[in-house]
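S.K.: Numbering (our numbering), first residue to last: 75 to 196.
A virtual CB, placed ideally from N, CA and C, is assigned to each residue, including glycine.
Dropping the structure in here first, questions after.
The following block contains the structure:
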């Protein structure tokens, strides 16, 4: 039993290392982009097979789990968001954004509509 667990851990670490190295070529970062406010620049090239595999095998199931957890969080915060008339913002933040990222976004691609507006983005 112990050897099977070690084998599964070894295989998973090799798969993650292989797909991580393949996805690293698709991820770019530059200080010029950071100085301009982290603007979204779509990649005109089709995504590589490793990016599609990582997105399909890891990203989409995590997105589904996030959507389910967001639905539960939305229901918990509903008594607070109804009096403040912020149910649409809560629904978009808890359900719409992760659900769209999971079910609407093309496989292996980024979509600026579903990106979080961070501290450095207007």
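Buried or exposed for residue 120, please, with buried defined as at least 16 other CB atoms from any protein chain shown within 10 angstroms of its CB.
M.R.: Answer is exposed; the Cβ neighbour count stays below 16.
S.K.: Confirm the yes/no value for this check: CB of residue 78, any heavy atom of the ligand ZN, distance under 6 Å.
M.R.: Here there are no bound small molecules, and the ligand ZN is not part of this structure.
S.K.: List, from N- to C-terminal side, the alpha helix (DSSP H) runs of 4 residues or more that fit wholly inside the stretch 135-159.
M.R.: Listed in chain order, there is nothing to give.
S.K.: Could you give the C-beta distance for residue 172 and residue 144, rounded to a whole number, given that I count them as a contact under 8 Å?
M.R.: That belief holds up - the Cβ atoms of residue 172 and residue 144 are roughly 5 Å apart, short of 8 Å.
S.K.: Where does residue 75 sit, in a helix, a strand or coil, going by DSSP?
M.R.: It is coil, neither helix nor strand.
S.K.: On the CB-based measure, 16 or more other CB atoms within 10 Å of its CB, does residue 166 come out buried or exposed?
M.R.: Its Cβ having fewer than 16 others within 10 Å, residue 166 is exposed.
S.K.: So, with DSSP's three-state summary, where would you put residue 122?
M.R.: Correct three-state label for residue 122: coil.
S.K.: Considering only the beta carbon of each residue, do residue 139 and residue 168 sit closer than 7 Å?
M.R.: Cβ atoms of residue 139 and residue 168: not closer than 7 Å.
S.K.: Does the beta-carbon of residue 126 have 16 or more other beta-carbons within 10 angstroms, so that it is buried, or is it exposed?
M.R.: Classification of residue 126: buried, given that the 10 Å Cβ count is 16 or more.
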